[in-house]
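Enquirer:
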Amino acid sequence: MSKFIDEVIIQIKSGDGGPGAISFRHEKFAEFGGPDGGDGGKGGDLYIVSDSRVQTLDKYIPLKIYKAKNGIHGGARNSYGADGQDEILKVPIGTEIIDLEEDEMIHEFLKDNEKILILKGGRGGKGNAFFKSSTHQTPRFAQPGEDGEFKKIKLSLKLLADVGIVGLPNAGKSTLLSKITDAHPKIADYAFTTLIPNLGVVKREDDSFRYTIADIPGLIEGASRGHGLGISFLKHIERVKGILYVFDGGNVDIEEEMKILQTELKSYSKSLLKKPFLIVLNKIDLWEDKDFTKEILKKYKHLGEIIPVSADKSINLDFLLEKLDELVLNLKKPKSKKKAKKK
Ligand SMILES: Nc1nc2c(ncn2[C@@H]2O[C@H](COP(=O)(O)OP(=O)(O)OP(=O)(O)O)[C@@H](O)[C@H]2O)c(=O)[nH]1
Ligand SMILES: [Mg+2]
Numbered sequence: 013m014s015k016f017i018d019e020v021i022i023q024i025k026s027g028d029g030g031p032g033a034i035s036f037r038h039e040k041f042a043e044f045g046g047p048d049g050g051d052g053g054k055g056g057d058l059y060i061v062s063d064s065r066v067q068t069l070d071k072y073i074p075l076k077i078y079k080a081k082n083g084i085h086g087g088a089r090n091s092y093g094a095d096g097q098d099e100i101l102k103v104p105i106g107t108e109i110i111d112l113e114e115d116e117m118i119h120e121f122l123k124d125n126e127k128i129l130i131l132k133g134g135r136g137g138k139g140n141a142f143f144k145s146s147t148h149q150t151p152r153f154a155q156p157g158e159d160g161e162f163k164k165i166k167l168s169l170k171l172l173a174d175v176g177i178v179g180l181p182n183a184g185k186s187t188l189l190s191k192i193t194d195a196h197p198k199i200a201d202y203a204f205t206t207l208i209p210n211l212g213v214v215k216r217e218d219d220s221f222r223y224t225i226a227d228i229p230g231l232i233e234g235a236s237r238g239h240g241l242g243i244s245f246l247k248h249i250e251r252v253k254g255i256l257y258v259f260d261g262g263n264v265d266i267e268e269e270m271k272i273l274q275t276e277l278k279s280y281s282k283s284l285l286k287k288p289f290l291i292v293l294n295k296i297d298l299w300e301d302k303d304f305t306k307e308i309l310k311k312y313k314h315l316g317e318i319i320p321v322s323a324d325k326s327i328n329l330d331f332l333l334e335k336l337d338e339l340v341l342n343l344k345k346p347k348s349k350k351k352a353k354k355k
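Add 12 to a position in the sequence shown, counting from 1, and you land on the number used in our numbering.
1. Work out the CA separation of E108 and L293 for me, nearest whole Å.
2. Please state whether the Cβ-Cβ distance between F245 and P209 is less than 8 Å.
3. At the level of alpha carbons, what is the spacing between Y223 and I177?
4. Measuring from the CB of P197, is there a heavy atom of ligand 2 at a distance below 7 Å?
5. Which of helix, strand or coil does DSSP assign to R251?
6. Could you compute how far the alpha carbon of I91 sits from the alpha carbon of E161?
7. Can D201 be considered in contact with ligand 1, in the sense that its beta carbon sits closer than 7 Å to one or more heavy atoms?
8. Helix, strand or coil for N140? Go by DSSP, reduced to three states.
9. Just how far apart, CA to CA, sit D124 and K102?
10. I think S62 touches F121, with their Cβ atoms under 8 Å apart; what is that distance to the nearest whole Å?
11. State yes or no: is the C-beta of T205 nearer than 7 Å to some heavy atom of ligand 2?
12. For D324, verify whether its CB is less than 7 Å away from any heavy atom of ligand 1.
13. Span of the beta strand (DSSP E) holding T224?
14. Do S236 and E19 have their beta-carbon atoms positioned less than 8 Å apart in this structure?
15. Whole-angstrom Cβ separation of D51 and G27, contact assumed at under 8 Å?
16. Please state whether the Cβ-Cβ distance between H119 and K170 is less than 8 Å.
17. Which of the three DSSP states, helix, strand or coil, is assigned to S279?
18. Return the chain-ordered list of same chain residues with a C-beta closer than 6 Å to the C-beta of F36, the five sequence neighbours on each side being excluded.
19. DSSP state of T68, grouped into three classes?
20. Are there three or more Cβ pairs, one per stretch, closer than 8 Å when the region 318–337 is compared with the region 277–297?
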């Protein structure tokens, strides 16, 4: 899966109603039979449904028209035309539908299997049999079917992850994701290995509790001005409950790096800075001097809770997971708060 399309503009149309029929009964001994033109069928509706088995929007062809079928026209002998078949478009959970003409959001899919009626099919036209009355025995007209509706929409996918991993390139974000979730992202010793977001699931052994983590491309200073890979992928962490800032323990000025990351996050959306976070100091296996870890933790403790780990050598990852559970569940026990105060 190398493609990851998270935005596409398409056109959609519901089916036109089938026209009603104009027809007259031909009876052997009746000079004029009565009108017997049947009604046309209803046009198909257009639905969009969220489906957890769909991961991206890459099956949608930009600007293509996705159509429901038209209703069939009515027939003689009062036969009704068949209704047109509905069209159902499947999208990943986390997709927003935006009406481009009105410039407004139609719907945001936050759950699996939500089925939303976007465009209603046109009504079928009435056949001439419908228009017969005591004063009008032989109507020679029928109703046309009602036109279906049309819209130009944008589908925009924002991943629905509980936690987002943010860091400079090469900090070891993808390595961490591969160790604590079921994901297998590409890992390499150069900047911008990750070009598209990766999503992984953290699972507990008894399957009682699970949550998702998104690993996004590395951020650099000036990303908001288009440097590196830019910041548009930050939309994928807009909805996370918490952020994991990951730092390369080889570069010891965490404060400076944190400032760079937060400046870029802020320029995307201030709300990202309001989310709870943990700081992960990665690659501590590279340090010979174990006291160095203590020193660093003390020096930067004003930045927030720092968890030293080695993603590559799996050091301290269980502790990190415990902290992540707390972050996600927001289950900070009062006990641990007291402890923190004593220190
Ligand atoms: N020594 C050591 N190396 C690590 C550790 N974690 C990751 N690395 C190495 O650091 C390099 C970068 O790792 P990635 O996981 O690709 O880093 P990333 O932050 O995802 O990088 P981008 O996707 O480019 O932003 C790779 O060579 C990893 O093997 C660690 O705990 N210790
Ligand atoms: Mg990566």
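Glycine residues also receive a C-beta, built at the ideal position from the N, C-alpha and C atoms.
Expert: On the basis of the supplied data:
1. Roughly 35 Å between the two C-alpha positions.
2. yes
3. Between Y223 and I177, the C-alpha separation is close to 14 Å.
4. Remark: the C-beta of P197 is in contact range of ligand 2, defined as less than 7 Å to any heavy atom.
5. Residue state, collapsed to three classes: coil.
6. Here residue 91 turns out to be Ser, not Ile, going by the sequence shown. For S91 and E161, the distance between alpha carbons rounds to 26 Å.
7. For ligand 1, at least one heavy atom lies less than 7 Å from the Cβ of D201.
8. Three-state DSSP puts N140 in a helix.
9. 11 Å
10. 4 Å
11. yes
12. For ligand 1, at least one heavy atom lies less than 7 Å from the Cβ of D324.
13. R222 to D227
14. It is not a contact, given that the beta carbons lie outside the stated cut-off.
15. With a Cβ gap of about 15 Å, D51 and G27 do not count as contacting.
16. For H119 and K170, no; Cβs fall outside 8 Å.
17. Helix at S279.
18. G45 and P47
19. coil
20. By the Cβ rule, the region 318–337 counts as touching the region 277–297, because three or more pairs are nearer than 8 Å.
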